[in-house]
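Participant:
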Amino acid sequence: MPELPEVAGLARFLDEQLRGCVLDKLQIVSFAVLKTADPPYSALEGRTVSGVRRFGKFISIDTDGISLVFHLARAGWLRYTDSPAAGQLKMGKGLIAVRCTFTGPDGPRGFDLTEAGTKKSLAVYVVRDPQDVPGIATLGPDPFAEAFDAGTLAEILGGSSQQIKGLLRSQSVIAGIGNAYSDEILHAARISPFATAKSLDRESVQVLYDAIHDVLGAALAEAGGKPPKELKDVKRSHMRVHARTGLPCPVCGDTVREVSFADTALQYCPTCQTKGKILADRRTSKFLK
Numbered sequence: 001m002p003e004l005p006e007v008a009g010l011a012r013f014l015d016e017q018l019r020g021c022v023l024d025k026l027q028i029v030s031f032a033v034l035k036t037a038d039p040p041y042s043a044l045e046g047r048t049v050s051g052v053r054r055f056g057k058f059i060s061i062d063t064d065g066i067s068l069v070f071h072l073a074r075a076g077w078l079r080y081t082d083s084p085a086a087g088q089l090k091m092g093k094g095l096i097a098v099r100c101t102f103t104g105p106d107g108p109r110g111f112d113l114t115e116a117g118t119k120k121s122l123a124v125y126v127v128r129d130p131q132d133v134p135g136i137a138t139l140g141p142d143p144f145a146e147a148f149d150a151g152t153l154a155e156i157l158g159g160s161s162q163q164i165k166g167l168l169r170s171q172s173v174i175a176g177i178g179n180a181y182s183d184e185i186l187h188a189a190r191i192s193p194f195a196t197a198k199s200l201d202r203e204s205v206q207v208l209y210d211a212i213h214d215v216l217g218a219a220l221a222e223a224g225g226k227p228p229k230e231l232k233d234v235k236r237s238h239m240r241v242h243a244r245t246g247l248p249c250p251v252c253g254d255t256v257r258e259v260s261f262a263d264t265a266l267q268y269c270p271t272c273q274t275k276g277k278i279l280a281d282r283r284t285s286k287f288l289k
């Protein structure tokens, strides 16, 4: 699933490529992805792109009065091209869910929104204001917002009995962090994924705050300027514990461990994060003391 750094990279790339272009044609190949009816998606055709913005894990392509907003979810992605195909796509065929074609000062360009797998979660909205999208309206603070400081994080954590891993992934609490980067942030902060949020003292909160900015900031720097086809590999190449079960921790050399759940998993280093203790691999796991 693309998270804040990759979505920011996509938004920056699309802004550079599409700002000032006219959206010629929008094809919805799978109507299951379209979550709005008013305004109609056809109202975007013929409008000029004024910019592209990120809201958490959402991307908004803004035109004069209407925005095309999408969320790539777990298995969605964007394929960009300078040579878009002109033909009409058949409904429900293949991985393509949406196709957009544009005309710019330097010629045509376009992109497809694709989704692999059988569980379809890719979501597309055509709205007059991005805040009309429920998922955007309920977002928590962005980690890089000026108002998000260590004190703000302390207030968030102090009022929650949730495990810190789940809290970091909650978009209504902090926007943009998902499964992969929550693993990386907690590893950098040397905090157990099962630690209770409100149990962290002020020093640990500051360490976590710094880890959020260090991990996401480094990933943002790596993603900046990269075309969509390179972003996934860039993300994978910089992971220290996420998706590295059984491999040595690059910090201490201990074996990276995993806790599996019904539809996801987390990875951690026992030496770095749990004082050498192994977390039970079952849904009702508790930290083993």
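Following UniProt numbering, the numbering of the sequence shown begins with 1 at its first residue and continues without gaps. Positions of the beta carbon are idealized from the N, C-alpha and C atoms, including for glycine.
#1: Return the bridge partner residues of G151 from the DSSP annotation.
#2: Measure the CB-CB distance between L72 and P228 and report whether it falls below 7 Å.
#3: How close, in whole Å, do the beta carbons of P5 and K57 come, if the pair is a contact with beta carbons under 8 Å?
#4: Within 10 angstroms of the Cβ of A280, are there 16 or more other Cβ atoms? Answer buried if so, exposed if not.
#5: Among residues of its own chain, excluding the 5 on either side of L288, which ones have a beta-carbon nearer than 7 Å to its beta-carbon?
#6: Which of the three DSSP states, helix, strand or coil, is assigned to H213?
#7: Determine the burial state of T118: buried for a count of at least 16 other Cβ atoms within 10 Å of its Cβ, exposed for fewer.
#8: Leaving out five residues on either side along the sequence, give the residues of the same chain with a beta carbon under 7 Å from the beta carbon of E224.
#9: My guess is that T264 and N179 are in contact by the Cβ rule of under 8 Å, so how many angstroms apart are they, rounded?
#10: Can you list, in chain order, the residues of its chain whose CB lies under 7 Å from that of H242, leaving out five sequence neighbours each side?
#11: So V126 and L68 are supposed to be a Cβ contact under 8 Å. How far apart are they, rounded?
#12: Work out the CA separation of F55 and R99 for me, nearest whole Å.
#13: Just the Cα atoms here: how many angstroms apart are D129 and G159?
#14: Starting from E258, follow its DSSP beta bridges and name the residues at the other end.
#15: For V124, which option in L153, F70 and K90 has the closest C-alpha, if you only look at C-alpha atoms?
#16: For L44, which option in F31, H187, D62 and L139 has the closest C-alpha, if you only look at C-alpha atoms?
#17: Can you tell me where the beta strand (DSSP E) with F55 in it begins and where it stops?
#18: Under a Cβ-count criterion, where at least 16 other Cβ atoms within 10 Å of its own Cβ denotes burial, should residue 294 be classed as buried or exposed?
#19: Between which two residues does the beta strand (DSSP E) holding E115 run?
#20: Can you tell me which residues form a DSSP beta bridge with Q163?
#21: On the three-pair Cβ rule with 8 Å, is the stretch 22 to 37 touching the stretch 87 to 102?
#22: Can you tell me whether D233 is buried or exposed? The criterion is at least 16 other CB atoms within 10 Å of its CB, across all chains shown.
#23: With 16 other CB atoms within 10 Å as the buried threshold, where does P193 fall?
#24: Assign E155 to one of two classes, buried (16 or more other C-beta atoms within 10 Å of its C-beta) or exposed (fewer than that).
#25: To the nearest angstrom, report how far apart Q17 and Q206 are at their CA atoms.
Facilitator: Looking at the atomic coordinates:
#1: Note: G151 sits in no beta bridge, so no partner.
#2: no
#3: That belief does not hold up - the Cβ atoms of P5 and K57 are roughly 11 Å apart, past 8 Å.
#4: Taking a 10 Å sphere around the C-beta of A280, we find fewer than 16 other C-beta atoms and assign the residue as exposed.
#5: Per-residue confidence for L288 stands at a pLDDT of 42, beneath the threshold of 50, marking its modelled position as unreliable; no derived number is given.
#6: helix
#7: exposed
#8: In the sequence on display, residue 224 carries Gly and not Glu. For G224, where only same-chain residues beyond five positions count, the Cβ hits under 7 Å are G9 and R12.
#9: That belief holds up - the Cβ atoms of T264 and N179 are roughly 6 Å apart, short of 8 Å.
#10: A180, D183, E184 and Q267
#11: Indeed, because the Cβ distance is near 6 Å, the residues count as touching under 8 Å.
#12: 21 Å
#13: 31 Å
#14: Q267
#15: Of the candidates L153, F70 and K90, the one whose C-alpha sits nearest the C-alpha of V124 is F70.
#16: Taking only the C-alpha atoms, the option nearest L44 is D62.
#17: V49 to F55
#18: The chain is shown only over 1 to 289; residue 294 falls outside these bounds and no answer can be derived.
#19: G107 to E115
#20: T196, per the DSSP bridge assignment.
#21: yes
#22: exposed
#23: buried
#24: exposed
#25: For Q17 and Q206, the distance between alpha carbons rounds to 38 Å.
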